[in-house]
Amino acid sequence: MATDTLKSTPGAQGGAAGGLRRLLLDNGALTALIVLVIAMSALSGDFLTADNLLNVGVQAAVTAILAFGVTFVIVSAGIDLSVGSVAALSATVLAWSATEAGIPVVLAVVLAVATGILCGLVNGFLVSYGKLPPFIATLAMLSVARGLSLVISQGSPIAFPDSVSHLGDTLGGWLPVPVLVMVVMGLLTAFVLGRTYIGRSMYAIGGNEEAARLSGLRVKKQKLAIYAFSGLFAAAAGIVLASRLASAQPQAAQGYELDAIAAVVIGGASLAGGTGKASGTLIGALILAVLRNGLNLLSVSAFWQQVVIGVVIALAVLFDTVRRKAGATAPAAGASSGGKGKQALTYVIAAVVAVAVVGATSLLHNGSSAADRPKIGLSLSTLNNPFFVQIRDGAEEEAKKLGVDLTVTDAQNDASQQANQLQNFTSGSLSAVVVNPVDSDAAGPSVRGANQAGIPVIAVDRGVNEADTSALVASDNVEGGALGAKALAEKLGGKGTIVILQGQAGTSASRERGAGFAEGLKDYPGIKVVAKQPADFDRTKGLDVMTNLLQAHPDIDGVFAENDEMALGAIKALGSKAGTSVQVVGFDGTPDGLKAVRAGTLYASVAQQPSELGRIAVRNALRAVEGEKVEKMVKVPVKVVTKENVAGFEG
Numbered sequence: 204m205a206t207d208t209l210k211s212t213p214g215a216q217g218g219a220a221g222g223l224r225r226l227l228l229d230n231g232a233l234t235a236l237i238v239l240v241i242a243m244s245a246l247s248g249d250f251l252t253a254d255n256l257l258n259v260g261v262q263a264a265v266t267a268i269l270a271f272g273v274t275f276v277i278v279s280a281g282i283d284l285s286v287g288s289v290a291a292l293s294a295t296v297l298a299w300s301a302t303e304a305g306i307p308v309v310l311a312v313v314l315a316v317a318t319g320i321l322c323g324l325v326n327g328f329l330v331s332y333g334k335l336p337p338f339i340a341t342l343a344m345l346s347v348a349r350g351l352s353l354v355i356s357q358g359s360p361i362a363f364p365d366s367v368s369h370l371g372d373t374l375g376g377w378l379p380v381p382v383l384v385m386v387v388m389g390l391l392t393a394f395v396l397g398r399t400y401i402g403r404s405m406y407a408i409g410g411n412e413e414a415a416r417l418s419g420l421r422v423k424k425q426k427l428a429i430y431a432f433s434g435l436f437a438a439a440a441g442i443v444l445a446s447r448l449a450s451a452q453p454q455a456a457q458g459y460e461l462d463a464i465a466a467v468v469i470g471g472a473s474l475a476g477g478t479g480k481a482s483g484t485l486i487g488a489l490i491l492a493v494l495r496n497g498l499n500l501l502s503v504s505a506f507w508q509q510v511v512i513g514v515v516i517a518l519a520v521l522f523d524t525v526r527r528k529a530g531a532t533a534p535a536a537g538a539s540s541g542g543k544g545k546q547a548l549t550y551v552i553a554a555v556v557a558v559a560v561v562g563a564t565s566l567l568h569n570g571s572s573a574a575d576r577p578k579i580g581l582s583l584s585t586l587n588n589p590f591f592v593q594i595r596d597g598a599e600e601e602a603k604k605l606g607v608d609l610t611v612t613d614a615q616n617d618a619s620q621q622a623n624q625l626q627n628f629t630s631g632s633l634s635a636v637v638v639n640p641v642d643s644d645a646a647g648p649s650v651r652g653a654n655q656a657g658i659p660v661i662a663v664d665r666g667v668n669e670a671d672t673s674a675l676v677a678s679d680n681v682e683g684g685a686l687g688a689k690a691l692a693e694k695l696g697g698k699g700t701i702v703i704l705q706g707q708a709g710t711s712a713s714r715e716r717g718a719g720f721a722e723g724l725k726d727y728p729g730i731k732v733v734a735k736q737p738a739d740f741d742r743t744k745g746l747d748v749m750t751n752l753l754q755a756h757p758d759i760d761g762v763f764a765e766n767d768e769m770a771l772g773a774i775k776a777l778g779s780k781a782g783t784s785v786q787v788v789g790f791d792g793t794p795d796g797l798k799a800v801r802a803g804t805l806y807a808s809v810a811q812q813p814s815e816l817g818r819i820a821v822r823n824a825l826r827a828v829e830g831e832k833v834e835k836m837v838k839v840p841v842k843v844v845t846k847e848n849v850a851g852f853e854g
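Here the numbering used here is used: the first residue of the sequence shown is 204, the next is one more, and so on.
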């Protein structure tokens, strides 16, 4: 078995200082985790609560399960970029099979797991027999699996079977099932790597593939099995994730493949292959979870969180280089019983140190008095869109006016990331939560957790299903879509051909606006929709999609975009046609959208007054905290803004 094992000269690092130095070098990831726990404990009094520590475990679970599968691939000197998409596909297959197809749940679970394994086998075949680089093969599968997930679900979340959704629950009311699944999968990974023939083969292939082949290993078949393992673990992660969200989200787990790879690397594995272990991967996943959890509690911007995590990954690789140069022993398979005993002792010492620091920081925080100012958390679906930025600005303005501490988080259109943020809010010392859901169904379980904790929740712009909210502050997306249809149809004189630019598949805003537009268009049979394509609420994608559609439909008369950003991209693609031969209607009433309305390139925008949404949401959250009566439904009127009335409109 080829492993990277560099040993220092005995006695070269004599003394207690040398022993400590070697302990830190040989267990860099564990040292980093202890330092992080100490730092977060000192900086936030909410970090050390039992509920929050369990939250960290739950939030690490999906990344860890994915990372365990990726560990097999990286140990064998490969890479798997498809695990996030395979996780989403497997969950979608399970939900669709058990609901739409009426297949028994047990068989649906088997089919979902088989889907993950099949995707892994395809990856392995392309790498082993197709001679494709692992990066290219798995990048292709990333796109294929995500596309199939969208095709099967038609871009909409699918409710998860209740019997499987229990995987997202807790045992005894306190022990999260995802954590148990993570532990089981971690033990399975450790067993495969350290106790099986295939595990030893992974290290051999990663250490020197040609030498492994010459020594008699059937490398091609071994790689098939290795990628199949990765697919299996991805399927398990997808099922756990969908169970937490109570629905299979076709866009779930986007970017999780990068988190999984990062966890493996932070845990001490080398991308060159030949090294890596399950415990290191688990520690790497916990480091990422502690970082995100702690930074949420400390109200650090989501944008800076990405910077911090990137820096941590870079430092982990640099530390690995220093460790090797210093002669520290790299993680290897089949270590002697004495080595394993020393490793176990290291973990015990680490646990004792962590507990001691936890106790000390708990005493420090217990002695501090709680702040008098109310604390409110605001979880936005995204801050990569001017509409939601305006909601944030309005909320911050009102919070400052009312003397409220407002913590804002960005879910980046990821329902699972928003679930984590809402859990962090619930375990923190917040008085109330305002949530703008990525998806109304997926936000339900996390909001129910806030309900159980007695924290009032205000929904803004979109409602939350299967949970109790003190109020919903929103404009009517369905009504807005219908108004957009009426405005465009009347501008075209009731006849003509149009295209529709849809928002991000799976989001409730896109579904509702699209449904309202379709309903409104029924009153105008002379209007024909010749194409509908998603552009993900993004201006650049709106430009690209519109450019492509114009090749097939150069003579269209109108465009309806489900937000202003896509409408502005469409205007760029249309050039001089915008506002003259082609009329464009957007949605949201953003500053750039209203500017285009004034210029005449955008005929109209269905404006929602986002700043007012944010102000009213914070105002109602504070009322709920103070025990005042709050209306269950607070409607902020929408209006169609055209060149004629734009001067008197304020968003």
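For each residue, glycine too, the CB sits at the ideal point set by N, CA and C.
Alpha helix (DSSP H) runs wholly inside the stretch 408–490, at least 4 long, in chain order = Restricting attention to alpha helix (DSSP H) runs no shorter than 4 residues, the stretch 408–490 encloses them at 412–417, 422–448, 459–469, ordered along the chain.
Nearest CA to the CA of Val515: which residue from Ser502, Gly477, Lys424, Gly471?
-> Within the sequence shown, residue 515 is the residue found at index 312, counting from 1. The alpha carbon of Val515 has as its nearest neighbour, out of Ser502, Gly477, Lys424, Gly471, the alpha carbon of Gly471.
List the endpoints of the continuous beta strand (DSSP E) containing Ala677.
-> For the purposes of this step, residue 677 is taken as residue 474 along the sequence shown, with counting starting at 1. Looking at the DSSP string, the run of the beta strand (DSSP E) that includes Ala677 is 674–677.
Roughly how many whole angstroms lie between the Cα atoms of Arg576 and Ala602?
-> Within the sequence shown, residue 576 is the residue found at index 373, counting from 1. Within the sequence shown, residue 602 is the residue found at index 399, counting from 1. When rounded, the distance between both Cα atoms is 11 Å.
Ala280 vs Gly476 beta-carbon contact at 7 Å | One-based indexing of the sequence shown puts residue 280 at position 77. One-based indexing of the sequence shown puts residue 476 at position 273. When the beta-carbon positions are compared, Ala280 and Gly476 come within less than 7 Å of each other.
For the putative contact between Lys480 and Leu396, defined by C-beta atoms under 8 Å, what is the C-beta separation to the nearest angstrom?
-> Position 277 of the sequence shown, counted from the start, is the residue given in the question as residue 480. Position 193 of the sequence shown, counted from the start, is the residue given in the question as residue 396. With 8 Å as the limit, Lys480 and Leu396 qualify as a contact, their Cβ atoms being about 6 Å apart.
If we call anything under 7 Å between Cβ atoms a contact, is Ser711 one with Asp767?
-> In the sequence shown, the residue the question calls residue 711 occupies position 508. In the sequence shown, the residue the question calls residue 767 occupies position 564. No, they are not a contact pair.
Per-residue burial, Tyr400 [other beta carbons within 10 Å of its own, 16 or more giving buried] = Indexing the sequence shown from 1 puts residue 400 at position 197. Label assigned to Tyr400: exposed.
Should Trp507 be labelled buried (16 or more other beta-carbon atoms within 10 Å of its own) or exposed?
-> Taking the sequence shown and counting its residues from 1, the one referred to as residue 507 is at position 304. When all chains shown are included, Trp507 counts as exposed.
So does the stretch 702–720 actually touch the stretch 731–750, counting three or more Cβ pairs closer than 8 Å?
-> Contact holds: three or more Cβ-Cβ distances are below 8 Å.
Who are the Cβ neighbours of Gly789 in its own chain at under 7 Å, not counting the five residues just before and after it?
-> As a working mapping, residue 789 is identified with position 586 in the sequence shown. Answer for Gly789: Ala764, Asn766, Asp767, Ala770, Gly796, Leu805, Ser808, listed in chain order.
By Cβ distance, which residues of its chain are closer than 7 Å to Leu724, with the 5 residues on each side in sequence left out?
-> Indexing the sequence shown from 1 puts residue 724 at position 521. Around Leu724: Ala688, Ala692, Ile730.
Since I believe Ser433 is in contact with Met344 (beta carbons under 8 Å), could you give me their beta-carbon distance rounded to a whole number of angstroms?
-> What you label residue 344 is simply residue 141 of the sequence shown in a count that begins at 1. What you label residue 433 is simply residue 230 of the sequence shown in a count that begins at 1. About 10 Å separates the two Cβ atoms, so there is no contact after all.
Going straight from the alpha carbon of Ala538 to that of Pro659, what length do you get?
-> Here residue 538 corresponds to residue number 335 of the sequence shown, with the count starting at 1. Here residue 659 corresponds to residue number 456 of the sequence shown, with the count starting at 1. Unreliable positioning characterises Ala538 in this predicted model, as indicated by a pLDDT of 45, which lies under 50. The coordinate reading is nonetheless provided below. Ala538 and Pro659: Cα-Cα distance of roughly 53 Å.
Gln452: which of Gly441, Gln626, Asp462, Val503 sits nearest, CA to CA?
-> The sequence position of residue 452 within the sequence shown is 249, counting from 1. Nearest to Gln452 by C-alpha distance, out of Gly441, Gln626, Asp462, Val503, is Gly441.
Quick one: which unbroken beta strand (DSSP E) runs of 3-plus residues sit fully inside the stretch 717–749? Chain order, please.
-> 730–737
Check the C-beta distance from Ala674 over to Arg818 and give it rounded, since I have them as a contact under 8 Å.
-> As a working note, residue 674 is residue 471 in the sequence shown. As a working note, residue 818 is residue 615 in the sequence shown. Rounded, the Cβ-Cβ distance is 13 Å, inconsistent with contact.
Is it true that the CB of Val641 sits closer than 7 Å to the CB of Ile661?
-> Walking along the sequence shown from the start, residue 661 turns up at place 458. Walking along the sequence shown from the start, residue 641 turns up at place 438. No, Cβ-Cβ distance for Ile661 and Val641 is not below 7 Å.
DSSP three-state call for Gly697: helix, strand or coil?
-> As a first step, residue 697 must be located in the sequence shown, where it is residue number 494. In the structure shown, Gly697 sits in coil (DSSP, three-state: anything other than H, G, I, E or B).
Return the bridge partner residues of Pro379 from the DSSP annotation.
-> For this step, residue 379 is matched to residue 176 along the sequence shown. The bridge partners DSSP lists for Pro379 are Thr373.
DSSP three-state assignment for Ala656, whether helix, strand or coil | Taking the first residue of the sequence shown as 1, we reach residue 656 at position 453. It is coil, neither helix nor strand.
Cβ-based burial, Gly402 [other Cβ within 10 Å; buried from 16] | The count along the sequence shown starts at 1 and reaches residue 402 at position 199. That one is buried.
From Gly389 to Val380, what distance separates their C-alpha atoms?
-> What you label residue 389 is simply residue 186 of the sequence shown in a count that begins at 1. What you label residue 380 is simply residue 177 of the sequence shown in a count that begins at 1. Those two C-alpha atoms are separated by around 14 Å.
My understanding is that Ala290 touches Leu269, with C-beta atoms under 8 Å, so please give their C-beta distance in whole angstroms.
-> As a position in the sequence shown, residue 290 is number 87, starting the count at 1. As a position in the sequence shown, residue 269 is number 66, starting the count at 1. The Cβ separation is near 7 Å, so the contact holds.
Given 8 Å as the limit, is there contact between the stretch 612–632 and the stretch 641–656, that is, 3 or more CB pairs closer than that?
-> yes
If Leu427 sits next to Gly327, beta carbons under 8 Å apart, how far is it from one beta carbon to the other, in whole angstroms?
-> The residue you call residue 427 lines up with position 224 of the sequence shown. The residue you call residue 327 lines up with position 124 of the sequence shown. Indeed they touch by this definition, with Cβ atoms about 4 Å apart.
Alpha carbon to alpha carbon, how far is Ile701 from Gly778? Give it in angstroms, no decimals.
-> Within the sequence shown, numbered from 1, the residue matching residue 778 stands at position 575. Within the sequence shown, numbered from 1, the residue matching residue 701 stands at position 498. Gly778 and Ile701: Cα-Cα distance of roughly 17 Å.
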